[in-house]
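Asks: Counting along the sequence shown from 1, when you hit position 247 you're at 249 in my numbering, and nothing is skipped either side.
Have a look at this one before I ask anything.
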Amino acid sequence: MRVRVAGLVAAALCVAAAAAVPPLMWPSPGGAVSGNRVQLHGRGTFPAYQSLRARTGKPINWMIAAPLAAGEPARLIAVRSDAALVAFAADRPGLRMIFQFPEAVSPDAAPAAPVVNRAGDRAVAATALDGSLTVVWGGQETRVPLSVTLSPLAHLMVVDVNGDGVQELLALSREGELLLIGGLPDHARVVARLAVHALPDARIAVADLDGDGRPEAVLLTGPTGRYAHGVLGDAVEAEAITVVELGVGTLREKARFVLPADAVFEDLGPVLADLDGDGRPEVLVVRSAATQGGGVLALAWRGGRLEPFAEGPAFGRPGRWVHLLGVADLEANGRPHVVVQRAPHVGGTLQSLEVLPPRLVPRAERPGFGSHAIGSRNLDQVAMADLNGDDRPQIIGPDRQRQRLLAVEWLGGGLLERWSYGLGAPIASNLVVADLAGGGLLDLAVADAKGTLHVLLSRR
């Protein structure tokens, strides 16, 4: 079987946020390459949907959506908890497996599907168990030894550094280096590396911060154990955000924003989204301090560096985390809301924040969400998209018991439930929102802890 893609070709990442990727795809675990968990394109027909379920053997940890052949809709490319790399098609008769390669990849890192030639063909790439690169191409799985060992905890990210439609990979090494991997699929190699001292599980976000037409990578760096909370998989947090300019075969540190010694970035990666309407994204991340707990900090690119732009309220007590979910136009009036979950581990509250620099001001709250499981590195079990077709995004995520998905929407100045879906077991994977059956409508995919894949198809 040939793993091949033609048709949808990723645009150069020279514009901000999710507009830089083709619509109706979900190219990274959190959605857009900007780290924003929002599908800006398309709409669905929920709660009118067709439910498909399939047993997957072992639970799925991570999924993305990308086409695997010319003229086909996006396919689900998944990493199972037993280190298998699998792919599924969501056809109207049901779910079918396209390929399966056992013990092929790290179960803690998501795959990627880069465009590898100008015809638009895609390969599937993932971090192998031994830290090499697994590439699926032409129906074959190949282990590609690299000049460095990849971090088993860091997702791969696709990027087009020169705008020619052919994509490279961004990755992290075990030593905390940022890597640019080119030559896919047959001659994959590290073409540039930069010591940035990244978190071992850092999530790389990509956008054009300064509006010069060239993409930058933004990631959390400077591991420190000075904030003993440990809710995101370990007790290591970041003291800095690093901006790296991406070039053809080059990586160059462009800026670094460092926190004072009493604070950390208690997050895995930033969200890049335009908060002030100037066409350039701001950098949003969770900052935590021992006496205040967590709160959202937004930074803007000004004069060749990152500077504070707006800040949300801190929790006000130590050991209380805020989960930054994303940025979306909840009111459909052209003004973004920053969406967070306050204290998700202790029955917290879903909250929308209005952007009023220098503050992010609470507008609406709703209890009942359980966006994150304590100790997990999966921050992507929430998504935002217009799944009911009313031109407003819904916020979709698990309830407090984490066995049911809720979809809430801004209506009448508050967040109201529009539909729900029972999983039957705790959620295990990230959420995927993409066109999985063709026809241009949005669908939803999620996997549970009993090894069942759930796909909800909009009614065509």
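We put the beta carbon where it would ideally sit given N, CA and C, even for glycine.
State yes or no: is the C-beta of L433 within less than 8 Å of the C-beta of L446?
Replies: It is a contact, given that the beta carbons lie within the stated cut-off.
Asks: Within the same chain, show all residues whose beta-carbon is closer than 8 Å to that of A114, passing over the 5 residues directly before and after it, in chain order.
Replies: So the list reads P29, S30, I66, V126, A127, A128, H157, L158, M159, V160, L171, once near-sequence residues are dropped.
Asks: Skipping 5 residues on each side, what residues in its chain have a beta carbon closer than 6 Å to that of A50?
Replies: Here the set comprises R461.
Asks: By the 10 Å Cβ neighbour count, where 16 or more other Cβ atoms means buried, how is R6 classified, buried or exposed?
Replies: With a pLDDT of 26 at R6, under the threshold of 50, the modelled position of that residue is not reliable, and the figure given next carries that caveat. The residue is buried, with at least 16 neighbouring Cβ atoms inside 10 Å.
Asks: Is the beta carbon of H339 less than 8 Å from the beta carbon of R365?
Replies: A contact, by the Cβ cut-off of 8 Å.
Asks: Starting from the C-beta of D331, find all residues in its chain whose C-beta is less than 6 Å away, skip the five residues before and the five after it, and write them out in chain order.
Replies: Hits under 6 Å: P338.
Asks: Using DSSP with H/G/I as helix, E/B as strand and the rest coil, what is H347?
Replies: Looking at H347 - three-state DSSP - the assignment turns out to be helix.
Asks: Please confirm whether G213 has its beta-carbon closer than 8 Å to some beta-carbon of chain C.
Replies: Although the question refers to chain C, the structure presented lacks it and comprises just one protein chain.
Asks: Below 8 Å on the Cβ atoms is my contact criterion, and I expect R404 with G377 to pass it. Report the Cβ-Cβ distance as a whole number of Å.
Replies: Not really, about 13 Å apart at Cβ, beyond 8 Å.
Asks: Quick one: using the 10 Å Cβ neighbour count with 16 as the cut-off for buried, is L418 buried or exposed?
Replies: Its Cβ having fewer than 16 others within 10 Å, L418 is exposed.
Asks: To the nearest angstrom, how far is it from the Cα of N119 to the Cα of R82?
Replies: For N119 and R82, the distance between alpha carbons rounds to 28 Å.
Asks: Relative to the C-alpha of A197, which candidate in V146, G213, V137, K256 has its C-alpha closest?
Replies: With distances taken between Cα atoms, A197 lies closest to K256.
Asks: How should N380 be labelled, buried or exposed, when 16 other C-beta atoms within 10 angstroms of its C-beta is the threshold for buried?
Replies: Result: buried.
Asks: Would you mind sorting P310 into buried or exposed? The rule is 16 or more other CB atoms within 10 Å of its CB.
Replies: Classification of P310: exposed, given that the 10 Å Cβ count is below 16.
Asks: By how many angstroms is the C-alpha of L261 removed from the C-alpha of L443?
Replies: Going by the C-alpha atoms only, they are around 43 Å apart.
Asks: Using C-beta distances below 6 Å, list every residue in its chain close to R195, excluding the 5 sequence neighbours before and after it, in chain order.
Replies: Excluding residues within five positions, the ones whose Cβ falls inside 6 Å are E179, L181.
Asks: So, is D388 buried or exposed, given that buried needs 16 or more other C-beta atoms within 10 angstroms?
Replies: Label assigned to D388: buried.
Asks: What's the gap between the Cα of L458 and the Cα of S53?
Replies: Their backbone Cα atoms lie some 5 Å apart in a straight line.
Asks: CA-CA distance, A242 and G232?
Replies: So the two alpha carbons sit approximately 17 Å from each other.
Asks: Nearest to L211 by CA position, among V146, D203, L286, is which residue?
Replies: The shortest Cα separation from L211 among V146, D203, L286 belongs to L286.
Asks: Are the CB atoms of L70 and R145 within a distance shorter than 8 Å?
Replies: Not a contact, by the Cβ cut-off of 8 Å.
Asks: Give the secondary structure of G424 by DSSP, where H, G and I count as helix, E and B as strand, and everything else as coil.
Replies: If DSSP states are grouped into helix, strand and coil, G424 belongs with the strands.
Asks: The beta strand (DSSP E) with M99 in it runs from where to where?
Replies: Per DSSP, M99 belongs to the beta strand (DSSP E) from 96-103.
Asks: Can you name the start and end residues of the beta strand (DSSP E) that G328 belongs to?
Replies: Per DSSP, G328 belongs to the beta strand (DSSP E) from 324-330.
Asks: Tell me the rounded alpha-carbon separation between G318 and G391.
Replies: Cα to Cα, G318 sits roughly 38 Å from G391.
Asks: Would you call T293 buried or exposed, if buried means 16 or more other Cβ atoms sit within 10 Å of its Cβ?
Replies: Under this definition T293 is an exposed residue.
Asks: Classify L326 as buried or exposed, calling it buried when 16 or more other Cβ atoms lie within 10 Å of its own Cβ.
Replies: Buried: at least 16 other Cβ atoms inside 10 Å.
Asks: So, helix, strand or coil for V435, using DSSP?
Replies: Looking at V435 - three-state DSSP - the assignment turns out to be strand.
Asks: Mapping the DSSP letters down to three states, classify V23 as helix, strand or coil.
Replies: Its pLDDT being 43, under 50, V23 is placed unreliably by the model, and the measurement read from it follows with that caveat. V23: coil per DSSP, three-state reduction.
Asks: Hey, how far is the Cα of S134 from the Cα of D84?
Replies: Their backbone Cα atoms lie some 17 Å apart in a straight line.
Asks: Output yes or no for whether 8 Å exceeds the beta carbon distance between A204 and G271.
Replies: Closer than 8 Å, so yes.
Asks: In whole angstroms, what is the alpha-carbon distance linking A56 and A68?
Replies: Going by the C-alpha atoms only, they are around 19 Å apart.
Asks: In whole angstroms, what is the alpha-carbon distance linking R282 and S354?
Replies: So the alpha carbons of these two residues sit roughly 22 Å apart.
Asks: Between P428 and R402, what straight-line distance do the alpha-carbon atoms span, to the nearest angstrom?
Replies: Approximately 10 Å, taken between the alpha carbons.
Asks: Mind checking whether L248 and L222 have CB atoms under 8 Å apart?
Replies: Taking 8 Å as the Cβ cut-off, L248 and L222 do not qualify as a contacting pair.
Asks: How big is the Cα-Cα spacing for A13 and P320?
Replies: Interpretation of A13 is limited by its pLDDT of 27, a score under 50 that renders its predicted location unreliable; the figure taken from the coordinates is listed afterwards. If I take the Cα positions, the gap works out to 43 Å.
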